[in-house]
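Chemist:
Number of protein chains: 4
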Amino acid sequence: MTDVLDHGSVTLVDFMGGDSRVDQAAGVSLGRFDRQREEDKQRKIIKYMMKHRHGTPFEHSVFTFHVKTPIYVAREWMRHRIGSYNEISARYTEIESQHYNPKPLRGQSGENRQGSVELESSDEHDAIRAAIRRNQDGAFALYHQLLDSGIAREIARGVLPQSTYTEFVWTVNARSLMNFISLRMTLDAQYEIRVYAEALYDIFMETMPLTAEAFTMEGYKAP
Amino acid sequence: MTDVLDHGSVTLVDFMGGDSRVDQAAGVSLGRFDRQREEDKQRKIIKYMMKHRHGTPFEHSVFTFHVKTPIYVAREWMRHRIGSYNEISARYTEIESQHYNPKPLRGQSGENRQGSVELESSDEHDAIRAAIRRNQDGAFALYHQLLDSGIAREIARGVLPQSTYTEFVWTVNARSLMNFISLRMTLDAQYEIRVYAEALYDIFMETMPLTAEAFTMEGYKAP
Amino acid sequence: MTDVLDHGSVTLVDFMGGDSRVDQAAGVSLGRFDRQREEDKQRKIIKYMMKHRHGTPFEHSVFTFHVKTPIYVAREWMRHRIGSYNEISARYTEIESQHYNPKPLRGQSGENRQGSVELESSDEHDAIRAAIRRNQDGAFALYHQLLDSGIAREIARGVLPQSTYTEFVWTVNARSLMNFISLRMTLDAQYEIRVYAEALYDIFMETMPLTAEAFTMEGYKAP
Amino acid sequence: MTDVLDHGSVTLVDFMGGDSRVDQAAGVSLGRFDRQREEDKQRKIIKYMMKHRHGTPFEHSVFTFHVKTPIYVAREWMRHRIGSYNEISARYTEIESQHYNPKPLRGQSGENRQGSVELESSDEHDAIRAAIRRNQDGAFALYHQLLDSGIAREIARGVLPQSTYTEFVWTVNARSLMNFISLRMTLDAQYEIRVYAEALYDIFMETMPLTAEAFTMEGYKAP
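Listed below in C-alpha cells is the structure:
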C-alpha cells in the first residue's frame, strides 16, 4: 500500500501478464505466442512496439488496484473509460468522516487558467485550513443528524463536501494505465491526482520494468 | 429543454439516425443498406432485433444531450462508459451557487438497503431542508472566501457539497441510451437519477418511436 | 488445451480474479473490499449480482486465451469489442496450410434464413468434401507460387480461403466472456463458433464455478 | 460515393456535429456550451485541443459511412473497437462474386517484414493476375455448386477467398476516425487500407475543415 495525500492510498491487489507477455503477444504476429525469450530481446521488441504505437500487445497485462481518494479526484479518475470500477456506495452504506485538507495551500495561477501555484506558508493559511476543517466537520455533523432523523442515506450524502474520501477497486490494462499516467502525471494535471499517478507509475515500474522503461524513454506517451 | 428536479434539465442538442436507420443497418446483413421501407416493415424488424438481442443496428442512431444535474447524480451517470462526456470544469471556471434541495424528503427504506421511502410532510422537514440550505450557503460563502484569498479554484471546490449542480454534454448511441434507461428508470434506481431517465425516455420516444415501442414491449431490456 | 473442430483449439493462458474477487468487488460498495468470506456467502451475493444485472463486479476477473480457429469464425469473434486481441499477421509471416473442412456437412435450413440443418451422410458428401479440399490445396499452391514469384505476402494472402486457420491471443474479462458465451453458445449461433463457446464455457466453469453456476441458472444471460 | 480499389467504395451516409460542436464541447468546461463563435476562435481552440491531446470534445461529431472493401481489409478495419459495425452476413445471404485483383502487383519488401514494394510491370504479372482471377472464379463456381447441393451458406462461404468484397456500415466519432486515419494512412499501413484511409481523410476535410487542418498540422496524430 502506498500512502497518498493525507488519508488516501493506492494498493496493488492483483496483476496478470508482464513484460514477457508483451513479448509473447507481439510474437503471435509471427505465430509464436509460446515463445520465451531472454530479457534483451524482450526489451528490444517492447521499445519497438512503444515507439511505433503498437498498443495492443500491452493490453494483455492487467492490474487491479484498490484506491482511496477524495471525491473530486475520483471524478477525474473515472472519466477514464477503458477500465473497470466498483466504488463504495453512499446509498448502501454510511460514509466515514474522512476528508482531504490540502497542505500547503496552493494559489490560483495567473498564467494558466486551470493551474495553481505554491504559496508561502502564512498564518492566514492556518486560518483557512481551519475553516476548511470546520466546513467538513459541520457537513458530517449535519449528515449524521439527517441519518438520525431517518432521512435516506442516498439524499443525506448531498451535504458532504467533495473533499470527502471515497474508495474503489479499479481493473485496468497496461495500455490504459499508461494513458492514465501520461495524462495525469504531467504538470498540467492537478497536484491531487498527479500524486496518485506517480504512485501508480512506481508500481508500474516495479511490475513491468521493461515496459515502463520504454514508456519513459518515449516521453510518457502511451502507445 | 425538459426541467428536472429544482434546477436541473435535459436538452436534446442533436440527433442522427432514427428508426429507418435501424432498418437500414439491419438490412446491410442482406446487402441492402440503401433500402427504404414503410413503417410496418420497420416496426417488424425492429421488434425482431430487440427481442433477439441484436444490438448493433441501434448503435448508428446517436444523440447529443446537454444535462444539468447534481454532482452525485452525475457521478452515477458517468459510470456509463459507452458514451462521450464533456463537463464544466471547476479548475477552469468558478462554479455557480446552485444546489439541489430534495422536496419532499425521503426516508431510509427498512427493507432495501439502498432504497428510500416517502415520508409524511412535517414541520421537522422544513427545519431539515433549511439546514440543508444553510449547509449549501455556508459552503458557497467559504468557497468565495477562499477564491478571494487567492486560493486555487481546483482546491477551493473541495468545500462544495455534492448537491451542487454541474453540467455536461453527453453523446450516446441509442443502444447505450437504452441501457442507461433500462438501469436508471427502474424503482431500484435513486429517484434523483430516475427522473432524468424518464426525461430521456420521453425524448427517446419522440425521436425513435418504433424503437422505443419495441424497447418498452420487451420490458425496457436493452438489446 | 481443448481441441475444437479439425485443427482448432482453445487454451487458457492466464487468469486473474475468481469468485472471491467478485465477492470482494461487490463488497467495496460497503467499504469492505478486503473481506474474505466462505463459499456460501459468495454464492449468495454472486447470484444476487447476476440476477439484478450488476455486471461490474465480474469485470475484475480476467482471462487470457490462445485461440486457433478458421478465419470466418475469427471474423465473428472479433466483433466482440470489449476485449483485447493480437492475431497472427499474414503481412509479417507466411500462413501455414491448415484449413477447416466441415464434417458432417450441414444443409441450409428452410425455416431459419441464417441456420443450418444436419444432413444424412452420403457419397455425394465425400465428393463435396474432396472438392473443398481441392479448393484449399489449390489456393495454397497458388499462395506459394505467388510468394516464390516475389509477390508481397500482404497481397498473396488474398487467394487463401476463409476456411484457413488463424490464431490469436484474447484477453477478456468475465462479464464480456459471459456476453460472448451468451450470444455464441445458443442454437442460433453457427455451429463452428458454438463449439468454441462451449469450450470456453467449460474453462469458465472450472475457473469461476460459483459465477458460472449463477450464469447458468439465469439462463446464460450476461449481467 | 468515393470509388476505392477495383470494386470498392466509401460513402458518407450521415454526419452530426462539426467544427462548431468541438468549440461548444470545449466551451462546456467554462459552462458555455451554447456559445456560437466565429471561425477564427473556433480554429484557435481546436488547434489547442489537438495539440494538448484533449480528445473528448471531438467525440461529439459522429460519422456514418457505408464501406465496400475486400475481406482482408475489413479484417484490419474491424480491429478498431471504438465504433459501430453492421456487415453483410454470409449466413443470411448469398455473397456476390466480386473480388479484388491487385494492379499493379507489389513485391515483398526486403527491408520491412510487413511491407511491399512496387514492381516493374511484366508479362509474368499478367499471368499472375490471371491465376488470381482463376482462383476467384474457381472458388465462386464451387461456392455455387455447394449452394446448389443444399449445403448451408454459413459453411459454403468457407471456400471464398479473402479477396472477396464485403460491405458494412460504420458509425464512428471524429476522435476515433482520426485514430483510424493516423494508423492507416501512413506508409507502414498496407496499400489496400491506406487508400480507404485517404478517402476517409478527404471526406473528413470537407466535413470538419478546421479539425482536419489542426490534425494535419499535428502530423496526423490523433488527440
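Residue numbers (our numbering), protein chains in the order written: chain H, 1273 to 1495; chain F, 1273 to 1495; chain Z, 1273 to 1495; chain S, 1273 to 1495.
Ideal Cβ placement from N, Cα and C applies to all residues, glycine included.
(1) Alpha carbon to alpha carbon, how far is S1448/F from S1381/S?
(2) Along the chain, which unbroken stretches of the alpha helix (DSSP H) at least 4 residues long are found entirely within the stretch 1367 to 1433 of chain H?
(3) Any idea what DSSP makes of Y1437/S, helix, strand or coil?
(4) Taking buried to mean at least 16 other C-beta atoms within 10 Å of its own C-beta, is N1384/Z buried or exposed?
(5) Measuring CA to CA, which of Q1462/Z, Q1314/Z, G1327/Z, V1276/Z is closest to M1450/Z?
(6) Using the Cβ count rule (16 or more neighbours within 10 Å means buried), how would you classify R1405/F?
(7) Run the CB neighbour count on S1333/Z, radius 10 Å, all protein chains shown included, and call it buried at 16 or more, exposed below.
(8) At a CB-CB cut-off below 8 Å, which residues of chain F make contact with S1361/H?
(9) Please confirm whether S1421/H has its beta-carbon closer than 8 Å to some beta-carbon of chain F.
(10) Straight-line CA distance for Q1296/F to W1349/F?
(11) Take the Cβ of V1339/Z as the centre, count every other Cβ of all protein chains shown within 10 Å, and call the residue buried at 16 or more, exposed below.
(12) Give the straight-line distance between the Cα atoms of T1283/Z and M1273/Z, rounded to the nearest whole angstrom.
(13) Under a three-way DSSP split, which group does K1313/F fall into?
(14) Give me, in chain order, the residues of the same chain whose beta-carbon lies closer than 6 Å to that of H1397/Z; leave out the 5 immediate sequence neighbours on both sides.
(15) Rounded to whole angstroms, what's the CA-CA distance from I1343/H to Y1463/H? Just pull it up for me.
(16) Enumerate in chain order the residues of its own chain whose CB-to-CB distance from Q1314/F is below 8 Å, with the five nearest sequence positions on each side excluded.
(17) Alpha carbon to alpha carbon, what distance is there between E1359/H and V1300/Z?
(18) Given a limit of 9 Å on CB to CB distance, which residues of the stretch 1406 to 1417 of chain H reach chain Z?
(19) What residue from S1454/H, Q1386/H, M1457/H, Y1468/H has the CA that sits closest to T1277/H's CA?
(20) From the beta carbon of Q1370/S, is the nearest beta carbon of chain Z less than 8 Å away?
(21) Using a C-beta to C-beta distance shorter than 8 Å, which residues of chain Z count as neighbours of G1303/H?
(22) Could you check which residue in N1445/H, A1471/H, T1443/H has the C-alpha nearest to that of R1456/H?
(23) Using the Cβ count rule (16 or more neighbours within 10 Å means buried), how would you classify L1459/F?
(24) CA-CA distance, A1446/F and E1331/F?
(25) Closer than 8 Å, CB to CB, is S1435/S near chain F or not?
(26) Kindly indicate which residue of A1484/Z, W1442/Z, Q1370/Z has the alpha-carbon position closest to the one of F1305/H.
(27) Against chain Z, which members of the stretch 1389 to 1405 of chain S pass a CB distance test of less than 8 Å?
(28) Identify the continuous beta strand (DSSP E) that holds V1276/Z and give its terminal residues.
(29) Out of F1335/Z, A1298/Z, Q1308/Z, point me to the one whose CA is closest to M1480/Z's CA.
(30) With a threshold of 8 Å between beta-carbons, can G1379/F be considered close to chain S, or not?
(31) Where do the ends of the alpha helix (DSSP H) carrying P1481/H lie?
(32) Within the continuous beta strand (DSSP E) that includes M1288/F, where are the two ends?
(33) Does the count of Cβ pairs from the stretch 1386 to 1401 of chain F and the stretch 1483 to 1494 of chain F closer than 8 Å reach three?
(34) L1302/H to D1275/Z, Cα distance in whole Å?
(35) Only counting the same chain, and skipping five residues up and downstream in sequence, which positions put a Cβ closer than 8 Å to that of Y1437/F?
(36) Within the stretch 1289 to 1361 of chain H, note down every full beta strand (DSSP E) run reaching 3 residues or more, in order along the chain.
Modeler: To lay it out plainly:
(1) As a first step, residue 1448/F is located in the second sequence; it is residue number 176 there, counting from the start. As a first step, residue 1381/S is located in the fourth sequence; it is residue number 109 there, counting from the start. Cα to Cα, S1448/F sits roughly 44 Å from S1381/S.
(2) 1395 to 1420, 1425 to 1428
(3) Start at 1 with the first residue of the fourth sequence, and residue 1437/S comes out as number 165. Strand at Y1437/S.
(4) For the purposes of this step, residue 1384/Z is taken as residue 112 along the third sequence, with counting starting at 1. It counts as exposed.
(5) Working through the third sequence from its first residue, we reach residue 1450/Z at position 178. With distances taken between Cα atoms, M1450/Z lies closest to G1327/Z.
(6) Within the second sequence, residue 1405/F is the residue found at index 133, counting from 1. R1405/F is exposed by the Cβ-count criterion.
(7) Taking the third sequence and counting its residues from 1, the one referred to as residue 1333/Z is at position 61. It is buried - the Cβ of S1333/Z has at least 16 other Cβ atoms within 10 Å.
(8) As a working note, residue 1361/H is residue 89 in the first sequence. Chain F residues near S1361/H: Q1386.
(9) Your numbering for residue 1421/H matches position 149 in the first sequence. Answer yes: the Cβ-Cβ gap between S1421/H and chain F drops below 8 Å somewhere.
(10) The residue you call residue 1296/F lines up with position 24 of the second sequence. The residue you call residue 1349/F lines up with position 77 of the second sequence. Near 30 Å, if we compare the C-alpha coordinates of W1349/F and Q1296/F.
(11) Here residue 1339/Z refers to the residue found at position 67 when the third sequence is read from its first residue. So V1339/Z counts as buried.
(12) Stepping through the third sequence from its first residue, residue 1283/Z is reached at position 11. Stepping through the third sequence from its first residue, residue 1273/Z is reached at position 1. Taking the straight line joining both Cα atoms gives about 4 Å.
(13) Walking along the second sequence from the start, residue 1313/F turns up at place 41. K1313/F falls in the helix class under three-state DSSP.
(14) Here residue 1397/Z is taken as the residue at index 125 of the third sequence, counted from 1. L1377, listed in sequence order.
(15) Locating residue 1343/H in the first sequence gives position 71, counting from the first residue. Locating residue 1463/H in the first sequence gives position 191, counting from the first residue. Rounded to the nearest angstrom, the two C-alpha atoms are 14 Å apart.
(16) As a first step, residue 1314/F is located in the second sequence; it is residue number 42 there, counting from the start. If we look at Q1314/F and ignore the five residues flanking it on each side, its Cβ neighbours are D1291, S1292, V1294, D1295, L1482.
(17) Translated into the one-based positions of the third sequence, residue 1300/Z becomes position 28. Translated into the one-based positions of the first sequence, residue 1359/H becomes position 87. Going by the C-alpha atoms only, they are around 6 Å apart.
(18) none
(19) Translated into the one-based positions of the first sequence, residue 1277/H becomes position 5. Correcting the residue identity first, residue 1277/H is Leu in this sequence and not Thr. Minimum Cα distance to L1277/H is reached at Y1468/H.
(20) Here the question's residue 1370/S lines up with position 98 in the fourth sequence. Chain Z, which has no Cβ nearer than 8 Å to the Cβ of Q1370/S, makes this no.
(21) One-based indexing of the first sequence puts residue 1303/H at position 31. Neighbours of G1303/H on chain Z, chain order: I1360, T1365, E1368, E1439.
(22) On the first sequence, residue 1456/H is found 184 positions in, with the first residue counted as 1. With distances taken between Cα atoms, R1456/H lies closest to A1471/H.
(23) Here residue 1459/F is taken as the residue at index 187 of the second sequence, counted from 1. L1459/F is exposed by the Cβ-count criterion.
(24) What you label residue 1446/F is simply residue 174 of the second sequence in a count that begins at 1. What you label residue 1331/F is simply residue 59 of the second sequence in a count that begins at 1. Cα to Cα, the separation comes out at about 6 Å.
(25) Here residue 1435/S corresponds to residue number 163 of the fourth sequence, with the count starting at 1. Chain F contact via Cβ: absent.
(26) The count along the first sequence starts at 1 and reaches residue 1305/H at position 33. Closest by alpha carbon: W1442/Z.
(27) V1389, L1391, E1396, I1400, A1403, I1404
(28) Taking the first residue of the third sequence as position 1, residue 1276/Z is located at position 4. First-last of the beta strand (DSSP E) with V1276/Z: 1274 to 1276.
(29) Stepping through the third sequence from its first residue, residue 1480/Z is reached at position 208. Closest option to M1480/Z, Cα to Cα, is F1335/Z.
(30) On the second sequence, residue 1379/F is found 107 positions in, with the first residue counted as 1. By this cut-off, G1379/F is not an interface position.
(31) Reading the first sequence from its first residue, position 209 is the one you call residue 1481/H. Its alpha helix (DSSP H) spans residues 1481 to 1489.
(32) The residue labelled residue 1288/F in the question sits at position 16 within the second sequence. Per DSSP, M1288/F belongs to the beta strand (DSSP E) from 1280 to 1288.
(33) no
(34) Here residue 1302/H refers to the residue found at position 30 of the first sequence. Here residue 1275/Z refers to the residue found at position 3 of the third sequence. Distance between the alpha carbons of L1302/H and D1275/Z: 21 Å.
(35) Translated into the one-based positions of the second sequence, residue 1437/F becomes position 165. H1279, G1280, K1340, T1341, P1342, I1343, E1368, Q1370, H1371, Y1372, listed in sequence order.
(36) 1334 to 1342, 1356 to 1359
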